[in-house]
Amino acid sequence: MSDPVFKAVASEAGDDPLDYVMSDATVDRYGDSIVAEGWKLTNFRKNPVALFGHNSNFVIGHWKNVRVEGGKLLGRLELLGEGISERLDEIRAAVAAGVLRAVSVGFRPLAADPMPGGKGAKFTSSELVECSLVAIPANPNALQLAKSLNLSDDVQRMIFGEPAEGVTPILRRDGTGKSAKSPPFSRNTKMPTLAERIETAQTEIVELKDKLADETRADDVDATVIEALTTELETKEATLASLRRAEAALSKSSTSVVTDERRDQQQNEQRSERRPFAMPAKKVAPKDYVLRSAVATALGHVLKRNPADVLLERYGDDAVTRAVFDVVTRAASAPATTTTTGWAAELVQTAILDFIESLLPLSVYPGLSERGGRFTFGRNGIVSLPARNTGNSVGGSFVGQGAPIPVRQGAFTSTSLTPKKMAVISTFTREIAQHSTPSIEAVLREAIQEDTAVAIDTVLLDATAASAVRPAGLRNGVTATTATSGGGFAALVGDLKALIAALIASSNGRIRQPVWIMNPIQVLSASVTQNAGGDFPFKAEIAEGNLLGYPILQSTTVAAGMVFLVDAADFFSATGDDPVFDMSDQATLHMEDTTPLAIGTTGTPNTVAAPVRSLFQTDTLALRMILDMNWAMRRTGTVAWTQSVTW
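Residues in the sequence shown are numbered from 1 upward in steps of one, following the UniProt record's numbering.
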């Protein structure tokens, strides 16, 4: 089988810069001609890859709709997506501008006849092997257009190469019969990014303006110098404008120009993430941005490195991840855009709310919070919740003609929510942090979910009154409904009826979104309890998450045998803007999840907490999360509960 032959042809610019004439029957300066009707395309269509300069290591896309039409071989170039590499993005810009209009077909001659006169060959049958985008001759017009796009010097040399004599060069085999070598192409060439070019242009403009200002203030004004500086300044400003237009056209994900030293170091080290072959970016749930901050904090402490550097290495130069990290970790210089309305401020709030909702499988709190009123404290120290006194009616009345209309006065009360500090500490060994990467996100997620669920629900479901330290529990001030004795179906129905009746009575019949709260054991018991006929009346409904039409919130933090019925519409909650994560490996902790004590308290006798663990001695890490949080029932009489059920 003969080696491939390469033949280039330049296409005229049309309406669509991606439509190309891949080959035609034009006789080139070597006397060769390819008969269009003789093209064999079957094998090529199986893998219609598009290269640059016949370089198999530089794939730029693929060919579509390759066909013979009007005595020409035509095709449409589909380029790879934006953002894969800066060099490919610059080539995309050159194609869009019409700078790159030449392609070269690599083919195997199957049959050929001599051309009249004995010079060259007429290829009557040819098998298409590949088709590459190649350089066009370095004519002045094309070079000027390329310079206006501010393409890098390397890309200009790669596109135009050395000056050529014509527009139809042909690469032939050498005397040994080997295929002609493609021009060398280096993928590791160090060149400034587009963002760095813009920053350099801005610096040069500032320097020129300073020089121009100094010249105009001088006593002996030199008109020639001022004119030269003015002309140079106009040229630099035009160049900067072109760079900015190119940046907008190339990619929405182009690296932004910043002056922060940490960002400059990140760009210079070129650590940003790259996705091969237009692979879509991984979708990140808002809550995972908070977990990423926790992971960076934990690994930074373990590895004795700056958490910001750990964040960059693991997740790349992602603006959203960095914004949430700066807020959650109270970074010394958070980006100004973090508080800009319309972007990071709302995103951080969404991330925190989504993070709290991630506790849903384990905690009662998110299920109540999403059905009631939910607020953030923001800069407010108090969130006031007005509520109507249900004892007074402002309803209208029927009156006779000329009779006075009753005047009624509504009575309102208010409940105030002030920030309460909810804090939890999760511990794990150093080996987990060092050897579970990259699954440490799952480890921390599980630890935070489990420990936070216990911390919140333990307070939420108790009977303790509100104080300066904590919110009131749901059972505070509410008398328990007596459970039905005897067990079985009769006891189940009796307790359900009693709780509904109690809630209706205490709320004066104004219930809106009642929800059941119970332990999974009670949910299972209600599902498998049979009536006298042997049926399971509640099984199908409970499988859908409801009981008597009301949603069920289940959690192991609810004591077994205890059942709540709460009007969730009156459950109002407020949280801080963001949680704060801290790590330690040297603290001493009282390992108690309900009533932790100070490590040692002076007294008679002295009180010493137990059990106690030294993180340093046991090579253990502790992750502490602090989040401002508070809740309250807006109206009284919206909670009913019972305990010691017999079913």
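All C-beta atoms in this analysis are idealised placements derived from N, C-alpha and C, irrespective of residue type, glycine included.
If the five residues before and after A111 are omitted, its C-beta is found closer than 6 Å to the C-beta atoms of T124, S125, all from its own chain and listed in chain order.
Only exposed fits I521, as fewer than 16 other CB atoms lie within 10 angstroms of its CB.
Excluding sequence positions up to five before and after E78, its CB lies within less than 8 Å of the CB of L18, A50, G61, H62, W63, K64, all in the same chain and listed in chain order. Closest in C-alpha terms to G31, from the list F44, N47, G38, K119, comes K119.
Secondary-structure assignment with DSSP links P109 through a beta bridge to S126. Contact annotation: the stretch 513-527 touches the stretch 554-567, with at least three C-beta pairs closer than 8 Å.
Sorting A569, L461, P366, A574 by C-alpha distance to the C-alpha of D628 places A574 at the top. In this chain, the alpha helix (DSSP H) harbouring I205 covers 194-217. For D495, DSSP records no beta bridge to any residue. In the three-state scheme derived from DSSP, where H, G and I count as helix and E and B as strand, K304 is classed as coil.
Annotation for N546: I552 place their beta carbon closer than 7 Å to its own, counting only its chain and skipping 5 residues before and after.
When rounded, the separation of the alpha-carbon atoms in A223 and E90 is 40 Å. Taking every protein chain shown into account, the CB of D619 has fewer than 16 other CB atoms within 10 angstroms, so this residue is exposed.
C-alpha of N531 to C-alpha of F489: approximately 6 Å in a straight line. Residues D570, F571, V639 of the same chain have their beta carbon placed closer than 7 Å to that of M633, with the five preceding and five following residues left out of the count. Here the alpha carbons of N43 and A25 stand approximately 22 Å from one another. In this structure, R108 sits near V129, with a CB-CB distance shorter than 8 Å.
Considering only G603, V612, T594, the residue with the shortest C-alpha distance to A587 is V612. By the 16-neighbour rule on beta-carbons within 10 angstroms, I198 is buried. Residue pairing of V59 in beta bridges, as defined by DSSP: L51. Inclusion of M583 and L621 in the CB contact set at 8 Å is warranted, their separation being smaller than that value. Partner residues in the beta bridge of P551, as assigned by DSSP, are N546. Within the model, the alpha-carbon separation for I599 versus F428 is close to 20 Å.
Under DSSP, M422 takes part in a beta bridge, and its partners are L627. Counting other Cβ atoms within 10 Å of its Cβ, D457 reaches 16 or more and is therefore classed as buried. By the beta-carbon neighbour count (other beta carbons within 10 angstroms, threshold 16), T529 is buried. In the displayed model, L474 falls within coil according to three-state DSSP, outside both helix and strand. One thing to note: G473 has its Cβ within 8 Å of the Cβ of L460. The straight-line gap separating the alpha-carbon atoms of M562 and K304 is approximately 47 Å. L229 and E215 have their C-alpha atoms roughly 9 Å apart. Boundaries for D24: no alpha helix (DSSP H) harbours it, while the beta strand (DSSP E) harbouring it runs 19-24, taken from the DSSP string. Cβ-Cβ separation between A201 and L240: approximately 4 Å, consistent with a contact (criterion under 8 Å). If you draw a straight line from the Cα of G603 to the Cα of P596, it comes to about 17 Å. The beta carbons of L492 and T481 sit about 14 Å from each other, so the pair does not count as a contact at 8 Å.
Taking V68 as reference, the option from L311, P48, R101, V21 with the minimal CA-CA separation is V21. Of the candidates S242, T231, D220, S242 places its Cα closest to the Cα of A195.
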